[in-house]
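Colleague:
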Amino acid sequence: MRLSRFYVPTLKEDPAEAEVVSHRLLVRAGMIRKLTSGIYTFLPLGLRTLNKVAAIVRREMDRAGAQEIFMPSVQPADLWRETGRWDIYGKELLRFKDRHGRDYCLGPTHEEVVTDLVRGEVRSYRQLPVNLYQIQTKFRDEIRPRFGLMRGREFVMKDGYSFDRDEAGAEKSYRDMFEAYVRAFSRIGLGFRAVEADSGPIGGSFSHEFMVLAETGEDTIAVCENGSCGYAANLEKAEVVLPGETPGAPMVPEQAPKPEIVDTPGRHSVDEVCGFLGLDPRDLVKTLIFEADGLPVAALVRGDRELNEVKLRNLLGATDLALADEALVRSLTNAPVGFAGPVGLSGARIVADSELLLSGPVVCGANRADAHLKNVLLGRDAEIERFADLRTVTPQDPCPRCGRGLSFTRGIEVGHVFKLGRKYSEAMNASFLDEDGRERPMVMGCYGIGVSRIVAAAIEQNNDEHGPLFPPSIAAFEVALIGLAGKDRAVADKAEELYRVLSEAGVEVLFDDRDERPGVKFNDADLMGLPMQLILGAKGLAKGLVEAKDRRSGERVDLSLDDFVADFAAWRARVWESWGLESG
RNA sequence: CGGGAUGUGGCUCAGUCUGGUAGAGCGCUGCGUUCGGGACGCAGAGACCGCGCGUUCAAAUCGCGCCAUCCCGACCA
Numbered sequence: 035m036r037l038s039r040f041y042v043p044t045l046k047e048d049p050a051e052a053e054v055v056s057h058r059l060l061v062r063a064g065m066i067r068k069l070t071s072g073i074y075t076f077l078p079l080g081l082r083t084l085n086k087v088a089a090i091v092r093r094e095m096d097r098a099g100a101q102e103i104f105m106p107s108v109q110p111a112d113l114w115r116e117t118g119r120w121d122i123y124g125k126e127l128l129r130f131k132d133r134h135g136r137d138y139c140l141g142p143t144h145e146e147v148v149t150d151l152v153r154g155e156v157r158s159y160r161q162l163p164v165n166l167y168q169i170q171t172k173f174r175d176e177i178r179p180r181f182g183l184m185r186g187r188e189f190v191m192k193d194g195y196s197f198d199r200d201e202a203g204a205e206k207s208y209r210d211m212f213e214a215y216v217r218a219f220s221r222i223g224l225g226f227r228a229v230e231a232d233s234g235p236i237g238g239s240f241s242h243e244f245m246v247l248a249e250t251g252e253d254t255i256a257v258c259e260n261g262s263c264g265y266a267a268n269l270e271k272a273e274v275v276l277p278g279e280t281p282g283a284p285m286v287p288e289q290a291p292k293p294e295i296v297d298t299p300g301r302h303s304v305d306e307v308c309g310f311l312g313l314d315p316r317d318l319v320k321t322l323i324f325e326a327d328g329l330p331v332a333a334l335v336r337g338d339r340e341l342n343e344v345k346l347r348n349l350l351g352a353t354d355l356a357l358a359d360e361a362l363v364r365s366l367t368n369a370p371v372g373f374a375g376p377v378g379l380s381g382a383r384i385v386a387d388s389e390l391l392l393s394g395p396v397v398c399g400a401n402r403a404d405a406h407l408k409n410v411l412l413g414r415d416a417e418i419e420r421f422a423d424l425r426t427v428t429p430q431d432p433c434p435r436c437g438r439g440l441s442f443t444r445g446i447e448v449g450h451v452f453k454l455g456r457k458y459s460e461a462m463n464a465s466f467l468d469e470d471g472r473e474r475p476m477v478m479g480c481y482g483i484g485v486s487r488i489v490a491a492a493i494e495q496n497n498d499e500h501g502p503l504f505p506p507s508i509a510a511f512e513v514a515l516i517g518l519a520g521k522d523r524a525v526a527d528k529a530e531e532l533y534r535v536l537s538e539a540g541v542e543v544l545f546d547d548r549d550e551r552p553g554v555k556f557n558d559a560d561l562m563g564l565p566m567q568l569i570l571g572a573k574g575l576a577k578g579l580v581e582a583k584d585r586r587s588g589e590r591v592d593l594s595l596d597d598f599v600a601d602f603a604a605w606r607a608r609v610w611e612s613w614g615l616e617s618g
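Residue numbers for the first sequence follow our numbering, beginning at 35 and rising by one.
#1: Can you give the Cα-Cα distance for G520 and I569, rounded to whole angstroms?
#2: Using only the alpha-carbon positions, how far apart do R153 and L162 sit?
#3: Please classify H134 as buried or exposed, where buried requires at least 16 neighbouring CB atoms within 10 angstroms.
#4: If you measure between the beta carbons of Y41 and L77, is that distance less than 8 angstroms?
#5: Which first and last residues belong to the beta strand (DSSP E) in which F324 is found?
#6: Kindly confirm or deny that the region 487-499 and the region 535-553 touch, where touching means at least three C-beta pairs closer than 8 angstroms.
#7: Taking C-alpha atoms, which residue in D132, A111, K131 lies nearest to T122?
#8: Under a Cβ-count criterion, where at least 16 other Cβ atoms within 10 Å of its own Cβ denotes burial, should A572 be classed as buried or exposed?
#9: Classify S507 as buried or exposed, calling it buried when 16 or more other Cβ atoms lie within 10 Å of its own Cβ.
#10: Suppose the cutoff is 8 angstroms on Cβ atoms and the five residues either side in sequence are ignored; what does the same chain contact list for L349 look like?
#11: Candidates D317, P429, V396: which alpha carbon is nearest G437's?
#12: Would you mind sorting A204 into buried or exposed? The rule is 16 or more other CB atoms within 10 Å of its CB.
#13: Taking the alpha helix (DSSP H) that S465 falls in, what are its first and last residues?
#14: Quick one: Cα of G455 to Cα of A266, how far?
#15: By a C-beta neighbour count over all protein chains shown, 10 Å radius and 16 as the cutoff for buried, is S587 buried or exposed?
#16: Please tell me whether G578 and D547 are closer than 8 angstroms, where the distance is taken between their beta carbons.
#17: Cβ atoms of L366 and P330: under 8 angstroms apart, would you say?
#18: Keeping to the same chain, check which residues put their C-beta closer than 8 angstroms to that of S303; ignore five residues upstream and five downstream.
#19: Would DSSP call E530 helix, strand or coil?
#20: Closer than 8 angstroms is the cut-off here; do at least three beta carbon pairs connect the region 145-159 with the region 457-467?
#21: Mapping the DSSP letters down to three states, classify V371 as helix, strand or coil.
#22: Out of F452, R136, A231, P287, which has the shortest C-alpha to C-alpha gap to V477?
#23: Among A333, Y138, Y167, whose alpha-carbon lies nearest the alpha-carbon of I103?
#24: Please state whether DSSP places E306 in a helix, a strand or coil.
#25: Runs of 4 residues minimum, wholly inside the region 40-84: which ones carry the alpha helix (DSSP H) assignment?
#26: Sort out for me which residues DSSP pairs H500 with in a bridge.
#27: Decide if the region 329-343 is in contact with the region 390-401; the criterion is three or more beta carbon pairs, one per stretch, under 8 angstroms apart.
#28: Just to confirm before moving on: does the CB-CB distance between D592 and V609 stay below 8 angstroms?
#29: Determine, using beta carbons only, whether P502 and L412 come nearer to each other than 8 angstroms.
#30: In this structure, does DSSP put K192 in helix, strand or coil?
#31: Comparing alpha-carbon positions, which option in M95, R67, T117, G72 lies nearest N463?
#32: From G99 to R92, what does the alpha carbon distance come to, in whole angstroms?
#33: Check whether the region 275-293 touches the region 392-401, counting contact only when three or more Cβ pairs, one atom from each stretch, lie closer than 8 angstroms.
#34: Should M562 be counted as a contact of the ligand GDP given a C-beta to heavy atom distance under 7 angstroms?
#35: Using 8 angstroms as the threshold, is the region 68-77 in touch with the region 193-210, meaning 3 or more CB pairs across them?
#36: Quick one: what's M245 bridged to in DSSP?
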């Protein structure tokens, strides 16, 4: 491709709206343009990278035995009513009516559609397993889209669905997809990690997320420091294991002093109360009031800990969980927010973090304005329904598998595999006849890859002050050929020749044949992030050399023009290798 | 949805407080010089100042309403 004819509007200045590096560079490099909040057009340069990511994903899905289909993005409400999700999915589901007044939505995911498809055709165990996928535009009406392609409302996703006759089959499908994902992300060339994850509102029993590792990632993941253990989990999911033997019930020493009210005027927060009473936050119990599916719940954690809402939601089996508003807190505790405690609290279920089984006398809210209670023994003074793992792990906690240390890193979720079980097949009656002639629901799995998000994640992980650094596997072009001709006919002719030779050799090359000053060409080439640059100038030509620059390392070598084809091939192989990739 | 901010040539912004002929840099067009890391000179084109209503002799500027975008939070494959 000749740059003089390629539609790549690069920008010298940062767009005002872009906050994160990937957003900024995608816009500046002329890869995307915003149409409206959270919705972007892919320009030619950006689309080439998007398509390369999609092609790798497609190849690995096909290789793993999945078959590509293409489902509609507009879906009828009736299907969503069958699974009940029409009512529970919330405002993220963009709904609208057609001219007849019938309800539709724009598909945020396709469990209903694919299950409907399969139930119509598959009748016998002999037809199973089935594994179907598509690469398609999804729409989720995010509350607050942000970060460009990282969290858009409209985005490109590969979503796949497996249907098996039994758990064992579903297990195999899951493993096959897991392995296909590992291969796909390896070939894309980004540093990634598979972690255990919460399965979220899509439901199901077990899941892994694939995270591209990047400082700027929105998710925190806990990784075991012991390389051979291999434990890694999303912070939402990572388990807390208490050291040593944990008692089954809180200890209640005899003759311990009774609870006593202490005045804490205007002290709401843990810090304020501890500062005022001269306490360590570890000796305080935080009581957080939630509303779970409309019912009040009090959750207790140690003062210095973070409650993990995902864990709480799972423990309660709730679909809707949110911190209670002030009115509910007031009606339950007879006090403003900040003075809730488990002692004498009625009208709410009370659950506590397991760690509190180990605690001695603690301080907690007194359910009275401006007052706390001290000398509280949870086993004696409170009615706690259940102790469970409710808090978020910290880097000080041990690995739940091997007991060694954990370290935290950040990542961007680019893939997610779930076991769905029979949730959708039962709700939608997707069943088959087994060998014994019995009708049984299919066992499903669901597998997503955020294709457009990978483009952003690649930049978040790999960039420098001049622009993105794309791995050659997904770069829009492998090579930027820069001809520094000016009025020098010989240089211009030679550059043309190199362009022709490379193109004929099947190398994707973007040839900067513009009448621009060298600095402009260098800066644009860097900004587009193509992994290899070939720079031909008058001095080099005189010596029979063309300069080859590795965009990422900045390393420059001279290639012989006489032996260009072989020299280039060897250099190209080295660049691919430096990314840990095999050149195609 | 709560809190904060911003809307002025294609882009980045000044001008708004204190009402009085709409500005700069980049980009764009033409001519000339220049040509290995975002050149320079000269000449140009380009603006319903987000939209509406109001106040005023006069509104980019003041008031009210609306819309859009961004940031923080809640939420989230």
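Where is the CB? At the ideal position from N, CA and C, for every residue including glycine. None of the values given here were measured: they were computed from a predicted structure.
Modeller: Let me spell this out:
#1: 13 angstroms
#2: Between the alpha carbons of R153 and L162 lies a gap of roughly 12 angstroms.
#3: exposed
#4: yes
#5: 319-326
#6: no
#7: Per the sequence shown, residue 122 should be read as Ile rather than Thr. For I122, the nearest C-alpha among the options comes from A111.
#8: exposed
#9: By the 10 Å Cβ count, S507 comes out buried.
#10: V385, R420, A422, L424
#11: For the residues D317, P429, V396, the minimum Cα distance to G437 belongs to P429.
#12: buried
#13: It is not in any alpha helix (DSSP H) - S465 instead sits in the beta strand (DSSP E) that spans 465-467.
#14: Straight-line measurement puts the Cα of A266 at about 24 angstroms from the Cα of G455.
#15: exposed
#16: no
#17: yes
#18: Here S303 has G372 as same chain residues with Cβ atoms under 8 angstroms from its own Cβ, once five neighbours each way along the sequence are excluded.
#19: helix
#20: yes
#21: coil
#22: F452
#23: Y167
#24: In the structure shown, E306 falls within a helical segment according to DSSP collapsed to helix, strand and coil.
#25: 55-62
#26: Paired residues: none, contrary to the question.
#27: yes
#28: No, the Cβ-Cβ distance between D592 and V609 is not below 8 angstroms.
#29: No.
#30: strand
#31: Looking at the Cα atoms, T117 is the closest of the given residues.
#32: 11 angstroms
#33: yes
#34: Ligands in the displayed structure: none, and consequently the ligand GDP is not present.
#35: no
#36: R227, E447
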